[in-house]
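Please read the structure below before turning to the comments.
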Amino acid sequence: MKAGFIGAGKAGCSLGRYLCDLRLKESAAADENSGAGRTFELSGFYSKTFEHSKEAADDTKSAAFSNFEQVISESDIIFITTPDRVIGEVWETIRKKGEQGELPVKGRIFCHLSGSLSSEVFCGRKELGAFGCAVHPMQAISSRDTDFSGTFFTADGDAEAVAAVKGLLRQKGNPVSVIEPSCKKKYHMAASTASNLVVGLIQMALDALKECGFSQDTALAMLTPLVEGNIKNICEKGTAAALTGPVERGDAETVKAHLQQLTGEQREIYRLLSRQLMGVARVKNEMRDYSNLETLLEEKDQ
Numbered sequence: 025m026k027a028g029f030i031g032a033g034k035a036g037c038s039l040g041r042y043l044c045d046l047r048l049k050e051s052a053a054a055d056e057n058s059g060a061g062r063t064f065e066l067s068g069f070y071s072k073t074f075e076h077s078k079e080a081a082d083d084t085k086s087a088a089f090s091n092f093e094q095v096i097s098e099s100d101i102i103f104i105t106t107p108d109r110v111i112g113e114v115w116e117t118i119r120k121k122g123e124q125g126e127l128p129v130k131g132r133i134f135c136h137l138s139g140s141l142s143s144e145v146f147c148g149r150k151e152l153g154a155f156g157c158a159v160h161p162m163q164a165i166s167s168r169d170t171d172f173s174g175t176f177f178t179a180d181g182d183a184e185a186v187a188a189v190k191g192l193l194r195q196k197g198n199p200v201s202v203i204e205p206s207c208k209k210k211y212h213m214a215a216s217t218a219s220n221l222v223v224g225l226i227q228m229a230l231d232a233l234k235e236c237g238f239s240q241d242t243a244l245a246m247l248t249p250l251v252e253g254n255i256k257n258i259c260e261k262g263t264a265a266a267l268t269g270p271v272e273r274g275d276a277e278t279v280k281a282h283l284q285q286l287t288g289e290q291r292e293i294y295r296l297l298s299r300q301l302m303g304v305a306r307v308k309n310e311m312r313d314y315s316n317l318e319t320l321l322e323e324k325d326q
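So in this note's numbering, spot 298 of the sequence shown is number 322, and the numbers just go up one at a time.
So this is what it looks like as structure tokens:
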């Protein structure tokens, strides 16, 4: 089983590096459609910039292709790891060439790594005898050598394609769960909320500490153990058990004082998130009275 990549950016290079040590190992996947008993290797990379293809190929001891047709001809699984907005365009070109008999797409698996797009982007694949799937790592890919060890993946698409990719990832020790294509945008929103939006909240806290006279570096050092400890508690105990602070206590006076330190969008962010937290607090403290706090958080101008 050979895997090739169209796109040699952060996602493609990271996954290629991660999978390259599967070369010549027997697949340990239990699924009968996953390629058990076959060997695996990377065929290589294609990028619009050949230097990027060469760098990725050198890193993984695979080939650098000068066009995507070569990747498809030399691969059983083709990972399209371009930016999300380009995936559909790349597939449309492949589909048309397949229809015209210019590309051997029958029996091949096409896979992308987008969190928000589903396998449905590979429209018309069944008529060509090809298979499609979308596989997404629940992890921020911040560099070309991001390590996916232990990362949770989700997959959707044709059973044959999902089984093959699951087989590769499970051999690496990654948990993989199937998701409905219709849920991909909500799934991606959840991932962005837990990852990207948290950055905005921490910046909001940093800005407030800088207004108190602390430098950016000092403010970040102050927040680091608080943030790390909170995330650790959430991951180990769940949100309700990890929740502390004035909202959890039902301390309307302290929350009101906090709101008075904020204006505009920041004040509204604090108010709405506090309302969200109040729902978690009620799960934790079923007998506690949150009526005063609820009244406060309903009023935008308090």
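Quick reminder that beta carbons are idealized off the backbone N, C-alpha and C, glycines included.
- In the three-state scheme derived from DSSP, where H, G and I count as helix and E and B as strand, V145 is classed as helix.
- Contact annotation, D180 with I203: C-beta distance approximately 5 Å; criterion of less than 8 Å satisfied.
- Under the three-state reduction of DSSP, G174 is assigned to coil, being neither helix nor strand.
- Measuring C-alpha to C-alpha distances from A27 to each of L193, K72, E126 identifies L193 as the nearest.
- Beta bridge pairing from DSSP links C135 with F103, C157.
- The straight-line gap separating the alpha-carbon atoms of S86 and L66 is approximately 6 Å.
- Here R109 is exposed, its C-beta having fewer than 16 other C-beta atoms within 10 Å.
- Shown here for G122: same chain residues with a beta carbon closer than 6 Å to its own, the five before and five after excluded, namely V129, L152 in chain order.
- Assignment of G68 by DSSP, reduced to helix, strand and coil, places it in the strand class.
- In the structure shown, K34 falls within a helical segment according to DSSP collapsed to helix, strand and coil.
- Assignment of S201 by DSSP, reduced to helix, strand and coil, places it in the strand class.
- Sorting S142, T175, K210, N91 by C-alpha distance to the C-alpha of Q195 places T175 at the top.
- In this structure, the alpha-carbon of S167 lies about 5 Å from that of K34.
- When secondary structure is reduced to three states using DSSP, D313 falls in the coil class, being assigned neither helix nor strand.
- The beta carbons of L137 and V159 sit closer together than 8 Å.
- Nearest C-alpha to F134 among G156, T84, L321, A164: G156.
- Scanning L39, R306, T319 for the CA closest to the CA of D171 turns up L39.
- Comparing C-alpha distances from T84 to each of T105, A32, I111 shows the shortest one belongs to A32.
- Of the residues assessed, A154 falls on the buried side of the cut-off, its CB having 16 or more other CB atoms within 10 angstroms.
- Beta-carbon to beta-carbon, E318 and M302 are separated by about 7 Å, close enough to satisfy the 8 Å threshold.
- Cα atoms of L244 and P205: separation of roughly 39 Å, rounded to the nearest angstrom.
- Within the same chain, and ignoring the five residues on either side of A229 in sequence, the residues whose Cβ sits closer than 7 Å to its Cβ are L247.
- Your pair L321 and R295 checks out as a contact, with CB atoms roughly 6 Å apart and the cut at 8 Å.
- A distance of 8 Å or more separates the beta carbons of P270 and T263.
- DSSP places A243 inside the alpha helix (DSSP H), whose first and last residues are 240 to 261.
- K308 is positioned such that its CB atom lies closer than 8 Å to that of E272.
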